[in-house]
Amino acid sequence: GENVEQHPSTLSVQEGDSAVIKCTYSDSASNYFPWYKQELGKRPQLIIDIRSNVGEKKDQRIAVTLNKTAKHFSLHITETQPEDSAVYFCAAPGGGGNKLTFGTGTQLKVEL
Amino acid sequence: DVKVTQSSRYLVKRTGEKVFLECVQDMDHENMFWYRQDPGLGLRLIYFSYDVKMKEKGDIPEGYSVSREKKERFSLILESASTNQTSMYLCASSLWSGTGGVGYTFGSGTRLTVV
């Protein structure tokens, strides 16, 4: 099955700086890569996703990049704000299935 | 407009009890999933279902079973609760896709404590 590794486990940045979270996956057949944000005490929510036919996708201050050859994808947050503080999870489906395997999460703290 | 509803936010059960966690979605999704979330371990898949009466084991099914009698409802059952099943349980649903993964909608979670 799919194996997803996520780094770093914690990340602290100053407000206004950029944050980057990286994930690697094992199944070369994976074709969909979502990112979820989980604020304290709340449910994980999908913030951005990318399919394997594109290399980059942006939505305002967040972007995701995909390198299929190296089997890794990254979340980029620019101009970070305190409300970006949360746990972020990456995921990948493995080949042929709809179930997602998640990374272990990154606790992002944006300091004033 | 809550779309995936888990019946309990917090539960405290005794060791050996049979525990039912309920999840209902109103989006007519084919797929439903049960994960548990533990610090440092992320979200781990317990069981999933792509259709009514259908179930498949995830990565950590031991000690759990599931039931899907109706499309909108997916129940997780702890046959005999143990303290190592103390965790946050998250239900999720998604549309079926024949071409690979799709995004989930999660419920708010059930914090289960087994004493």
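Line by line, the protein sequences are chains A and B. Take the first sequence: its position 53, counted from the start at 1, is 53 in the working numbering, and no numbers get skipped. One rule links them: number in the working numbering = place in the second sequence (from 1) + 112. Heads up, the beta-carbon is just placed ideally off N, CA and C, and yes, glycines get one too.
Cutting at 6 Å between CB atoms, please list the residues of its own chain near residue i, excluding the five before and the five after it.
i              : result
K109 (chain A) : S12 and S85
K125 (chain B) : V131, A193 and V226
Q107 (chain A) : T10 and V87
E168 (chain B) : F160
D171 (chain B) : R156 and L157
E56 (chain A)  : T65
P82 (chain A)  : V110
F145 (chain B) : F160 and A204
Could you tell me the boundaries of the beta strand (DSSP E) in which residue i lies?
i              : result
N143 (chain B) : N143 to D150
D59 (chain A)  : E56 to D59
A19 (chain A)  : A19 to Y25
Y154 (chain B) : Tyr is not the amino acid found at residue 154 (chain B); the sequence shown has Gly there. Where G154 (chain B) is concerned, the enclosing beta strand (DSSP E) stretches over G154 to S161.
V229 (chain B) : Residue 229 (chain B) lies beyond the residue range present for chain B, which begins at 113 and ends at 227; the question has no answer from this structure.
R185 (chain B) : R185 to L190
V164 (chain B) : It is not in any beta strand (DSSP E) - V164 (chain B) carries neither H nor E in the DSSP assignment.
S179 (chain B) : Y176 to K182
V136 (chain B) : V131 to Q137
T10 (chain A)  : T10 to Q14
L123 (chain B) : Y122 to K125
T117 (chain B) : V116 to Q118
Enumerate in chain order the residues of its own chain whose CB-to-CB distance from residue i is below 7 Å, with the five nearest sequence positions on each side excluded.
i              : result
E5 (chain A)   : C23, T24 and G103
V214 (chain B) : S206 and L207
R61 (chain A)  : I77, T78 and E79
G59 (chain A)  : For the sequence presented, residue 59 (chain A) should be read as Asp rather than Gly. Once the five neighbours on either side are set aside, the close Cβ partners of D59 (chain A) are I48.
List the residues that DSSP assigns as beta-bridge partners of residue i.
i              : result
K37 (chain A)  : A:Q45 and A:Y88
N196 (chain B) : Paired residues: none, contrary to the question.
I62 (chain A)  : A:D59 and A:I77
S205 (chain B) : B:M144 and B:T217
L108 (chain A) : A:L11 and A:A86
N53 (chain A)  : According to DSSP, N53 (chain A) bridges with nothing at all.
N67 (chain A)  : A:H72
Using a Cβ-Cβ cutoff of less than 8 Å, which residues in the same chain neighbour residue i once the five nearest sequence positions on both sides are dropped?
i              : result
T195 (chain B) : T127, V226 and V227
Y174 (chain B) : The sequence as given places Glu at residue 174 (chain B); Tyr does not occur at that position. Around E174 (chain B): no qualifying Cβ.
E218 (chain B) : In the sequence as displayed, the identity of residue 218 (chain B) is Phe instead of Glu. Contacts found: V116, L202, C203 and A204.
So does the segment 63–77 of chain A actually touch the segment 179–191 of chain B, counting three or more Cβ pairs closer than 8 Å? Between the segment 63–77 of chain A and the segment 179–191 of chain B there are fewer than three C-beta pairs closer than 8 Å, too few to call the two in contact.
Could you run through the segment 61–90 of chain A and flag, in chain order, every residue whose CB is less than 8 Å away from some CB of chain B? Legend: CB atoms of the segment 61–90 of chain A lying less than 8 Å from CB atoms of chain B belong to residues F89.
Below 9 Å between beta carbons is the criterion; list the residues of the segment 91–111 of chain A that meet it against any residue of chain B, in chain order. Taken in chain order, the members of the segment 91–111 of chain A whose beta-carbon sits within less than 9 Å of a beta-carbon on chain B are A91, A92, P93, G94, G95, G96, G97, N98, K99, L100, T101, F102, G103, T104 and G105.
Taking Cβ-Cβ distances below 7 Å as the criterion, which residues of the segment 128–161 of chain B are in contact with chain A? In summary, the residues of the segment 128–161 of chain B whose CB is separated from some CB of chain A by less than 7 Å are N143, F145, G152, L153, G154, L155, L157 and F160, in the order they occur in the chain.
Name, going along the chain, the residues of the segment 13–37 of chain A whose beta-carbon falls closer than 9 Å to a beta-carbon of chain B. Those residues of the segment 13–37 of chain A that come within reach of chain B (Cβ to Cβ, closer than 9 Å) are A29, S30, N31, Y32, F33, P34 and Y36.
Cβ-based contacts, 9 Å cut-off: residues of the segment 164–186 of chain B near chain A: Result list: E168, G170 and D171.
Closer than 9 Å, Cβ to Cβ, to anything on chain B: give me those residues from the segment 45–58 of chain A, in chain order. If the cut-off is 9 Å between Cβ atoms, the segment 45–58 of chain A has Q45, L46, D49, R51 and S52 near chain B.
With contact counted as at least three CB pairs below 8 Å, one residue from each stretch, are the segment 115–122 of chain B and the segment 135–151 of chain B in contact? Yes, they touch.
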